[in-house]
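Have a look at the structure below before the remarks.
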Amino acid sequence: MIKLFVSDLDGTLLHEEKYVEQHNADALSELQRQGVEVCLASGRMDTEILKISTDINNTFHRISQNGGFVWTKENQELHGKVFEDDLAVQLYKKTIDPNRITLVCSNDTNYVEQRNEIIEAIETHMFFPIEEQIEMTDSFGHALSPSKITVLGDHDEMVALQKEVNEEFGDYIDTYISAKQCLDIMPKHISKGNAIEILLNHLQLKPEEIACVGDSFNDIPMFQLTPNSFAMATAPEAVQRHASAVVSSVSEAARIVLEKNKQTT
1 MIKLFVSDLD GTLLHEEKYV EQHNADALSE LQRQGVEVCL ASGRMDTEIL
51 KISTDINNTF HRISQNGGFV WTKENQELHG KVFEDDLAVQ LYKKTIDPNR
101 ITLVCSNDTN YVEQRNEIIE AIETHMFFPI EEQIEMTDSF GHALSPSKIT
151 VLGDHDEMVA LQKEVNEEFG DYIDTYISAK QCLDIMPKHI SKGNAIEILL
201 NHLQLKPEEI ACVGDSFNDI PMFQLTPNSF AMATAPEAVQ RHASAVVSSV
251 SEAARIVLEK NKQTT
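Heads up: the sequence shown begins at 1 in this note's numbering, then just goes up one per residue.
Here it is in structure tokens:
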């Protein structure tokens, strides 16, 4: 039986207007009523995942920042990892460019060196403000411990930048194109798949006892963890190829999981 259901947020559970549609919220509640644990896994901060959970009056296990942090539904922290200070400085300097936006993320806040109208536009997609941190690199290891660096810009430029940073820092980082114009740079061995394994060990579950649903390249590591993987119909074909099935919604994936559980009882 499937005992844990993991859902991505943006492009999957979370509507582009930053809310969860009722049929999806109801599906997660029904999974829980039938004994299936639920985890939300996202590149977003933990504070944002908590906000979404509160909005739909529910409590979930949480994987934030693409696997940088893992929390149980009881708010027990199972894992947390940040960059070494020197590496964070090098990465930040590598990614800074007038034609793109570089955000530095901690567990609970996103930072930018200088706010402008573009930052204000980006904030409309977030639940909390982006803080200004002047002299960014001077704050590393003191006021700020970076857990993720996010670069926003033209898609082709993000793909090229991903190749560059992988060639230069590949032994120390993992990178994901988490959205068409978004490159996430993480400490090494940070992924949703590795984070789920940490949660599995805590819950004493096996990979075949979980199901997951997502829509982007940073979801592929969790697809590779289990045979019960679902890609959204809106996902790129290159992402869909890694999943066992394609669905139109989280609620559809949840129905399939519950039907499978009925057949195994």
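Yeah, the Cβ is synthetic: ideal placement off N, Cα and C, and Gly gets one too.
Within the chosen definition, does the region 17–27 reach the region 232–242 through at least 3 CB pairs nearer than 8 Å? no
Spatially closest choice to E117 from P227, D97, S248 and I130, by CA coordinates: Counting from one through the sequence shown, the residue named residue 117 turns up at place 117. Nearest C-alpha to E117: I130.
What did DSSP end up calling R62 once you bin it into helix, strand or coil? As a first step, residue 62 must be located in the sequence shown, where it is residue number 62. Strand.
Between the Cα of V36 and the Cα atoms of M1, L9 and G43, which residue gives the shortest distance? One-based indexing of the sequence shown puts residue 36 at position 36. Closest option to V36, Cα to Cα, is M1.
Can you tell me which of the three DSSP states E131 falls into? Along the sequence shown, one-based indexing puts residue 131 at 131. It is a strand residue.
How is the beta strand (DSSP E) around T47 delimited, first residue to last? Counting from 1 along the sequence shown, the entry for residue 47 is found at position 47. Where T47 is concerned, there is no enclosing beta strand (DSSP E), although the alpha helix (DSSP H) it sits in stretches over D46 to D55.
So the candidates are L13, L4 and S191; which of them puts its Cα closest to the Cα of E252? By 1-based counting over the sequence shown, the position of residue 252 is 252. Measuring from the Cα of E252, the nearest candidate turns out to be L13.
Does the distance from the C-beta atom of N299 to that of F69 stay below 7 Å? One cannot answer for residue 299 here, as it falls past the ends of the chain, which runs 1 to 265.
Proximity of K188 and M222 at Cβ, strictly below 7 Å: Looking up residue 188 in the sequence shown gives position 188. Looking up residue 222 in the sequence shown gives position 222. Contact flag unset, no.
Please confirm if the region 98–106 is in contact with the region 149–156, defined as three or more CB-CB distances below 8 Å between the two stretches. yes
I need the boundaries of the alpha helix (DSSP H) containing I190, first residue and last residue. Here residue 190 is taken as the residue at index 190 of the sequence shown, counted from 1. Note, I190: premise wrong, no alpha helix (DSSP H); not H, not E.
For T175, the residue or residues it bridges with in DSSP: Reading the sequence shown from its first residue, position 175 is the one you call residue 175. In the DSSP output, where bridge partners are listed per residue, T175 has I185.
For G10: DSSP bridge partner residues: Stepping through the sequence shown from its first residue, residue 10 is reached at position 10. A quick correction: the sequence has Asp, not Gly, at residue 10. Paired residue(s): L14.
Contact between the region 157–166 and the region 177–186 is defined here as three or more beta-carbon pairs at a separation below 8 Å; is this criterion met? yes
Counting pairs of beta carbons, one from the region 209–221 and one from the region 237–246, are three or more of them closer than 8 Å? yes
At 4 residues or longer, and completely inside the region 203–250: list those alpha helix (DSSP H) runs for me, N to C. 220–223 and 237–240
Going by alpha carbons, who is nearest to Q90 out of I196, I185, L203 and H202? The residue you call residue 90 lines up with position 90 of the sequence shown. Considering only alpha carbons, the answer is I185.
For F69, report the span of its beta strand (DSSP E) as first-last. Position 69 of the sequence shown, counted from the start, is the residue given in the question as residue 69. Counting along the chain, the beta strand (DSSP E) containing F69 begins and ends at F69 to W71.
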